[in-house]
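Student: Sharing a structure below in structure tokens format, with a few things to ask.
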Amino acid sequence: MNAVASQHDDVQHSPAIPTGGQARAKSRRPSWHLALHAVLITLSFFYLLPFFWMLSTSLKMDGQEIAMPPVWIPDPVVWSNYVRAMTGTPMLWYLRNTVIISVISTVLGVLAASLTGYAFARLRFPGRNLLFSLCISTLMLPGIVTLIPEFLLFRQIGWINTFLPLIVPWSLGGHALGIFLFRQYALTIPYDFDEAARVDGAGAFRIWWSIIVPLSGPVLATIAILAFIHHWNDFLRPLVFLQDKDLRTLAIGLRLFRGEFMVQWNLLMAASALMLVPILALFFAAQRYFVQGIVMSGIKG
Amino acid sequence: MAATAPSARGLGRRSSRLWNQQTLEGYTCILPWLMGFVCFVAGPMVAALVISFTDWSLLAPPEWIGLANYERLFKDPMFYTSVVNTAYLSFLAVPLQLILALLIALGLNEKLSGVTIYRTIFYLPSQMPIVASALLWLWVFNPDFGLANALLNMVGLPGLGWLFDPALSKPSIILITLWGGIGTPLIIFLAGLQSVPDSLYEAADIDGAGPMARFWNITLPMLSPIIFFNLIIGIIASFQAYFTLVLVTTQGGPANSTTILILYIYYKAFRDFDMSYASALAWVLFLIVLALTAINFLLARWWVHYEGGEAT
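In structure tokens, the structure reads:
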């Protein structure tokens, strides 16, 4: 079982991570590569500058952030801005809300996406292709079209100001991209496994849970990361469905810090940087699943 | 897990029963999705269409008014403003992102040292939570204390109004998306470039083709399906993706210069509670997306090169 899993790993891995063959090129590196480096370094400078500006501002003492010309390196370095950003606002409470929504939605969403993707890939039933096309076409659908009737529906059944509108639709296979990714992956798993399990009397559900899911680690990780980031950043739906201050997510809360709790940009930048931290940690821990998700969904026409 | 192949006879006997069983199992497995699709996608879409034919302010019961909302829409100057703003931002920002991403990808594909570092630097901004990056850019573009004007002053130029100047607000938004929007296409193009067979370039070398000829005759045609796919997806996604950015930075201002269609729909529905008019606007947005998809797929037939018959 493990051998098969790691084999899938490699198949997935090789096309996804573009790493230049530096060793091969070393001996005959063209001279104009120097010019290329110069261009790329200049460009990198401009891409990093806003991050530097955020960090620099977030560490300045009150008043220094509005000095003109700007103080590039904060003096003194005020680390306590980060503590103030967290304690002077309900940020930790918003973090709690965001974590609850993101974790539950991600876990249930990944399960639903894999079950649906598995059925679309490996079970034969009439109407399957039509339903799969419908599923994929929801990717193109602008979410705002369904938002208004959803709002009216949720108002009717008392779901406004609960986390349910942010959890239930995803738990019911709302991640169409996840379904698509899982289906593509499930198609590559040898059918012998299913046949053998069928002979042993296992049903489709058993096969999904005890054969397909354990073999699908990499794609499940990819879907989970895509889903988690989606929920972490989600803005429009929490904005509409969570009007109670105590239920706000980080994304909604952060926007309202400006004006409601603080006007100082050093604290606002500290709060923004804090919101980036979990995503950065996730990115560096699981970089290749990020890359995989992008490549799998972006290359296929 | 015994891999003993079942006998052909056994399989044949079971196959028709298996078919029925699989139908049942199939629908059982997709049931959660099907429920979600009916309740949160198909149902609401039909409902939005029905609501768009009514007059409904949530206070009084809805009243059937036929196409009146659509007639109103075509006479509404804000509708036209928001469509023009959406088109301006999406049709400029997305192609510019793709061109920039492609140029960087071509550079990084040259087997440079430090490719991983460059790639991470250009990819990182796209992972910034949009609200956080919107706040960051609001601060960068701050006319009094921002980074952008500080840099301009350093080289002796006067500061600009950026997001707060109606003439510059849209270009400023595009600048932000050029910073935060190239990560995904960059990774895709890099992977795409690696999948172009070396043999094509080797053949071109033998024929004495220069770098430009190689780019126009090999790289670009081979990448065209990927570029095309990401162009459609990118433009459609941008109709929605810029909502957060615009709401946090400019709230549609100054002078409605950044009020995009989705923001206008949001204001109509959830600020003015004009649900029926907002539904009509939302359906028009949906039809625009649909038309765009159709037109682009028709165009693709003559300018996109598909290798073999792989496209599905």
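Protein chains in written order, with the working numbering: chain G, 36 to 336; chain C, 61 to 372.
C-beta atoms are modelled at their ideal positions from N, C-alpha and C, and glycine is treated no differently.
If you're wondering where the values come from, they're calculated on a predicted model, not measured in any experiment.
Confirm, please, whether the CB-CB distance from L150 of chain G to C89 of chain C is below 8 Å.
Tutor: Reading the second sequence from its first residue, position 29 is the one you call residue 89 of chain C. Reading the first sequence from its first residue, position 115 is the one you call residue 150 of chain G. In contact: C89 of chain C and L150 of chain G (Cβ atoms closer than 8 Å).
Student: Among the residues of its own chain, which have a CB less than 8 Å from the CB of V175 of chain C, if the five just before and after it don't count?
Tutor: The residue labelled residue 175 of chain C in the question sits at position 115 within the second sequence. Contacts found: L168.
Student: Listing by chain order, which chain G residues have their CB less than 8 Å from the CB of A340 of chain C?
Tutor: Within the second sequence, the letter at position 280 stands for residue 340 of chain C. Per Cβ cutoff of 8 Å: no residues; A340 of chain C is ~10 Å from chain G at best.
Student: Please list, in chain order, the residues of the region 347 to 364 of chain C that have any C-beta partner in chain G closer than 7 Å.
Tutor: V349 and T353
Student: For L228 of chain C, collect the residues of the same chain with a Cβ closer than 8 Å to its Cβ; drop the 5 residues on either side in sequence, then sort them by chain order.
Tutor: Along the second sequence, one-based indexing puts residue 228 of chain C at 168. Hits under 8 Å: L220, G221 and W222.
Student: Examine the Cβ distances between the region 241 to 260 of chain G and the region 190 to 200 of chain G and report whether three or more of them are shorter than 8 Å.
Tutor: no
Student: In this structure, does DSSP put W124 of chain C in helix, strand or coil?
Tutor: The residue labelled residue 124 of chain C in the question sits at position 64 within the second sequence. Looking at W124 of chain C - three-state DSSP - the assignment turns out to be strand.
Student: Assuming the contact rule is C-beta atoms closer than 8 Å, N301 of chain G and A286 of chain G should be a hit. Round their C-beta distance to whole Å, please.
Tutor: Residue mapping note: residue 301 of chain G aligns to position 266 of the first sequence, counting from 1. Residue mapping note: residue 286 of chain G aligns to position 251 of the first sequence, counting from 1. No, N301 of chain G and A286 of chain G are not in contact; Cβ-Cβ is about 21 Å, not under 8 Å.
Student: Let me see if you follow: with CB-CB separation under 8 Å, is A147 of chain G close to chain C or not?
Tutor: Reading the first sequence from its first residue, position 112 is the one you call residue 147 of chain G. So, interface residue.
Student: With 16 other CB atoms within 10 Å as the buried threshold, where does P184 of chain G fall?
Tutor: Mapped onto the first sequence, residue 184 of chain G falls at position 149. When all chains shown are included, P184 of chain G counts as buried.
Student: Rounded to the nearest angstrom, how far is the Cβ of F330 of chain C from that of L118 of chain C, given a contact under 8 Å?
Tutor: Residue 330 of chain C sits at position 270 when you count from the first residue of the second sequence. Residue 118 of chain C sits at position 58 when you count from the first residue of the second sequence. With 8 Å as the limit, F330 of chain C and L118 of chain C do not qualify as a contact, their Cβ atoms being about 11 Å apart.
Student: Please report how far the alpha carbon of L174 of chain G lies from the alpha carbon of D227 of chain G, in whole angstroms.
Tutor: To locate residue 174 of chain G, count along the first sequence from 1; it is residue 139. To locate residue 227 of chain G, count along the first sequence from 1; it is residue 192. Computed Cα separation, rounded: 32 Å.
Student: Looking at the C-beta of A70 of chain G, does it have a partner C-beta in chain C at a distance below 8 Å?
Tutor: The residue labelled residue 70 of chain G in the question sits at position 35 within the first sequence. By this cut-off, A70 of chain G is not an interface position.
Student: On the CB-based measure, 16 or more other CB atoms within 10 Å of its CB, does Q327 of chain G come out buried or exposed?
Tutor: Counted from its first residue, the first sequence places residue 327 of chain G at position 292. By the Cβ neighbour-count rule, Q327 of chain G is buried, with 16 or more other Cβ atoms within 10 Å of its own.
Student: Report the residues of the region 173 to 196 of chain G with a CB closer than 9 Å to any CB of chain C, ordered along the chain.
Tutor: Listed by position along the chain: T173, L174, M175, L176, P177, G178, I179, V180, T181, L182, I183, P184, E185, F186, L187, L188 and R190.
Student: Taking the CB atoms as reference points, tell me whether L260 of chain C and I278 of chain C lie closer together than 8 Å.
Tutor: Translated into the one-based positions of the second sequence, residue 260 of chain C becomes position 200. Translated into the one-based positions of the second sequence, residue 278 of chain C becomes position 218. Their beta carbons are under 8 Å apart, which means L260 of chain C touches I278 of chain C by this criterion.
Student: Could you check if E100 of chain G is buried or exposed, using at least 16 other CB atoms within 10 Å of its CB as the buried criterion?
Tutor: As a working note, residue 100 of chain G is residue 65 in the first sequence. It counts as buried.
Student: Please state whether DSSP places T141 of chain C in a helix, a strand or coil.
Tutor: Locating residue 141 of chain C in the second sequence gives position 81, where the first residue counts as 1. In the three-state reduction of the DSSP assignment, T141 of chain C falls in the helix class.
Student: What did DSSP end up calling A354 of chain C once you bin it into helix, strand or coil?
Tutor: Within the second sequence, residue 354 of chain C is the residue found at index 294, counting from 1. DSSP places A354 of chain C within a helical segment (H, G or I) once states are collapsed to three.
Student: Is Y324 of chain G close to chain C? Criterion is C-beta to C-beta, closer than 8 Å.
Tutor: In the first sequence, counting from the first residue as 1, residue 324 of chain G sits at position 289. Chain C, which has no Cβ nearer than 8 Å to the Cβ of Y324 of chain G, makes this no.
Student: Taking the straight line between their C-alpha atoms, what separation do you get for A351 of chain C and R179 of chain C?
Tutor: Along the second sequence, one-based indexing puts residue 351 of chain C at 291. Along the second sequence, one-based indexing puts residue 179 of chain C at 119. Answer to the nearest angstrom: the Cα atoms are 35 Å apart.
Student: Got a sec? Which residues, its chain only, sit under 7 Å from T141 of chain G by beta carbon, not counting five neighbours each side?
Tutor: The residue labelled residue 141 of chain G in the question sits at position 106 within the first sequence. Same-chain partners within the cutoff: A259, A262, F263 and H266.
Student: Show which residues of chain C have a CB atom less than 8 Å away from the CB atom of F215 of chain G.
Tutor: Along the first sequence, one-based indexing puts residue 215 of chain G at 180. By Cβ distance, chain C contributes nothing, its closest Cβ being about 12 Å from F215 of chain G, past 8 Å.
Student: Examine chain D for any beta-carbon lying closer than 8 Å to the beta-carbon of A120 of chain G, and answer yes or no.
Tutor: Going by chain labels, chain D is absent from the structure shown, which instead holds the protein chains G and C.
Student: Could you give the first and the last residue of the continuous alpha helix (DSSP H) run that contains M96 of chain G?
Tutor: In the first sequence, the residue the question calls residue 96 of chain G occupies position 61. Where M96 of chain G is concerned, there is no enclosing alpha helix (DSSP H), given that its DSSP letter is neither H nor E.
Student: In the DSSP assignment, find the unbroken alpha helix (DSSP H) run with C99 of chain C in it and report its ends.
Tutor: Your numbering for residue 99 of chain C matches position 39 in the second sequence. Boundaries cannot be given for C99 of chain C, as no alpha helix (DSSP H) includes it and DSSP labels it neither H nor E.
Student: Between the region 302 to 309 of chain C and the region 125 to 136 of chain C, can you find at least three pairs of beta-carbon atoms closer than 8 Å?
Tutor: They do not touch, by the three-pair rule.
Student: Along chain C, which residues have their Cβ under 7 Å away from the Cβ of M310 of chain G?
Tutor: Indexing the first sequence from 1 puts residue 310 of chain G at position 275. Those are P189 and A192, listed as they occur along chain C.
Student: List the endpoints of the continuous alpha helix (DSSP H) containing L207 of chain G.
Tutor: On the first sequence, position 172 is the one that residue 207 of chain G refers to. Run containing L207 of chain G: none; DSSP gives neither H nor E here.
Student: Could you tell me whether any non-hydrogen atom of the ligand NAD is closer than 7 Å to the CB of L291 of chain C?
Tutor: As far as ligands go, the structure on display features none, and thus does not contain the ligand NAD.
Student: Does the region 201 to 208 of chain C come within contact of the region 283 to 291 of chain C, defined as at least 3 CB pairs closer than 8 Å?
Tutor: Touching, no.
Student: What does the alpha-carbon distance come out to for the pair A153 of chain C and A194 of chain C?
Tutor: Start at 1 with the first residue of the second sequence, and residue 153 of chain C comes out as number 93. Start at 1 with the first residue of the second sequence, and residue 194 of chain C comes out as number 134. Cα to Cα, the separation comes out at about 16 Å.
Student: Over the uninterrupted alpha helix (DSSP H) stretch that includes V180 of chain G, give me the two end residues.
Tutor: Translated into positions along the first sequence, residue 180 of chain G becomes position 145. Its alpha helix (DSSP H) spans residues G178 to Q191.
Student: Compare the C-beta of P161 of chain G with all C-beta atoms of chain C and state if any pair is closer than 8 Å.
Tutor: Here residue 161 of chain G refers to the residue found at position 126 when the first sequence is read from its first residue. At a cut-off of 8 Å, the C-beta of P161 of chain G has a neighbouring C-beta in chain C.
Student: Looking at M188 of chain C and L90 of chain G, is the spacing between their C-beta atoms short of 8 Å?
Tutor: Stepping through the first sequence from its first residue, residue 90 of chain G is reached at position 55. Stepping through the second sequence from its first residue, residue 188 of chain C is reached at position 128. No, the Cβ-Cβ distance between L90 of chain G and M188 of chain C is not below 8 Å.
Student: On the three-state DSSP scale, how would you describe D235 of chain G?
Tutor: Reading the first sequence from its first residue, position 200 is the one you call residue 235 of chain G. Looking at D235 of chain G - three-state DSSP - the assignment turns out to be coil, as it is neither helix nor strand.
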